[in-house]
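Under the UniProt record's numbering, the first residue of the sequence shown carries the number 1, and numbering increases by one thereafter. Positions of the beta carbon are idealized from the N, C-alpha and C atoms, including for glycine. Keep in mind it's a predicted model, so treat the numbers as computed, not measured.
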Amino acid sequence: MRIMHAERRGGPEVLTLAEVPDPVPGPGHTLVDVEAAGLNFADVERLTGSYLPPALPFVPGSEVVGRTADGRRVLAFAERAYATKALVEDPLEIPEELPAGAALALLVQGLTAWHLVRTAARVAPGESVVVNAAAGGVGHLAVQLARESGAARVIGTASTAGKRDLVLELGADAAIDGAADGYAGRVLEANGGAPVDVVLDAVGGPVFDAALHALAPFGRLITYGASGGADPRPIDPGLLSERSIAVGGYWLGAHLRRPGSNAAAPLKELIELTLSGRLRPTTGAEYELTQAGQALADLAARRTVGKVILRNR
């Protein structure tokens, strides 16, 4: 089989093509022919060694759409996904009519968005929800899932007019500039002058601090990333208790490692919502397996929009 692997740490340029023997599945694993693999920014970070540095040689990727030996088309987490074959655990059979890009958008990003809305923030009918970076891979799905959960008002933040237009197309009631300066005022204005019940934040830094001041009593701020940088300032416990607000975090990796965790039920719901047209995963460019380095370079440089995949033709 063919793989794209790195024999040294570095950027996307260190990936090279190699021919290796097919992996042999052990207990609990299934070998699949890879139709497409999903790309994530974490793949870039692992190549450089800045995030969970792997042993070398290293084959990136953690998610595939593929076909089992008995012909089932499946979606699954995988190790060594940048390949023509991969070993997977707990594969979920998916319909033929579900495009590979959409399916892969529902795995890491879709499950994260689902759990942010349902598990971490526990969005209730009638509440107001702000999604920071709402045009992003997780954010654009969280906007739609907040609406599905009965939120009375959904507000998305984004950095450009074009991204804000996309957020509105996806069903947000308002789309605003997400810059930290003036953030709380814009959020309150977009919510009819009232503070909001929930903020889902992947930006961090000064935006995180500003979001705290946009929360209503008993509001919740859930952080799941820090693309804007870490904020070294401590959270004032007095602010939390005075307004009865809560701050929490969420990471899908930790959730999936919990005993008894099961990704199948939320994934099935996400797939049903997508096939019915009620959820629209944003899909982007498709690259050949041998173009993995260019694909990751484009992803890292923010030249892509939507879920980027490597496809085996």
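Check	Outcome
So the beta strand (DSSP E) Glu286 belongs to, where does it begin and stop?	283–288
Rank Pro281, Tyr51, Leu296 by C-alpha distance to the C-alpha of Ala135 and give the top, closest one.	Pro281
Rank Glu269, Ala175, Arg122, Ile155 by C-alpha distance to the C-alpha of Arg164 and give the top, closest one.	Ala175
Hey, could you find the ends of the beta strand (DSSP E) Ala37 is sitting in?	30–38
Rank Trp251, Glu93, Gly26, Asn40 by C-alpha distance to the C-alpha of Ile222 and give the top, closest one.	Trp251
If I follow the unbroken alpha helix (DSSP H) through residue 325, where does it start and stop?	The structure shown has nothing for residue 325, since the chain only spans 1 to 313.
If you draw a straight line from the C-alpha of Ala211 to the C-alpha of Thr290, how long is it?	42 Å
Whole-angstrom Cβ separation of Thr312 and Val34, contact assumed at under 8 Å?	Residue 312 is actually Asn in this sequence, not Thr. Correct: roughly 5 Å between the Cβ atoms.
Would you call the segment 265–272 in contact with the segment 111–124, where contact means no fewer than 3 C-beta pairs closer than 8 Å?	yes
Please name the residue in Gly49, Arg72, Gln109 whose C-alpha comes closest to that of Glu63.	Gln109
Have a look at Arg233, Ile155, Thr30 and flag the residue whose alpha-carbon is nearest the alpha-carbon of Asp209.	Arg233
Within the segment 86–170, note down every full alpha helix (DSSP H) run reaching 4 residues or more, in order along the chain.	100–105, 111–115, 139–148, 161–169
Closer than 7 Å by C-beta to Leu239: which residues in its own chain qualify, once you throw out the five before and the five after it? Chain order, please.	Leu212
If you scan the segment 216–264 from start to end, which runs of the alpha helix (DSSP H) of 4 or more residues do you find wholly inside it?	237–243, 252–256
Pull up the CB-CB distance for Val198 and Val123, whole angstroms please, since I reckon it's below 8 Å.	6 Å
Please classify Ala133 as buried or exposed, where buried requires at least 16 neighbouring CB atoms within 10 angstroms.	buried
Buried or exposed: where does Ser128 fall if 16 or more other Cβ atoms within 10 Å of its Cβ makes it buried?	buried
Contact between the segment 295–308 and the segment 91–110 is defined here as three or more beta-carbon pairs at a separation below 8 Å; is this criterion met?	yes
Measuring CB to CB, does Ala76 end up less than 8 Å from Val59?	no
At what residues does the beta strand (DSSP E) containing Val196 begin and finish?	196–201
Taking the C-alpha atoms as reference points, what is the distance between Arg257 and Leu52?	16 Å
So is Val24 buried or exposed if we call it buried at 16+ other beta carbons inside 10 Å?	exposed
Tell me whether Asp43, by its Cβ, gets closer than 7 Å to a heavy atom of the ligand MN.	Questions concerning the ligand MN fall outside what the structure shown contains, since it holds no ligand whatsoever.
Note the first and the last residue of the continuous beta strand (DSSP E) segment covering Ala6.	2–6
Could you give the DSSP three-state label for Gly185: helix, strand or coil?	helix
Let me know the secondary structure DSSP gives Ala78 once reduced to three states.	strand
Compute the beta-carbon to beta-carbon distance between Thr274 and Leu106, rounded to the nearest angstrom, for a pair I have assumed lies under 8 Å.	7 Å
Measure the CB-CB distance between Gly126 and Ala142 and report whether it falls below 8 Å.	no
Sort Thr304, Ala301, Ala297 by Cα distance to Val14 and report the nearest one.	Ala297
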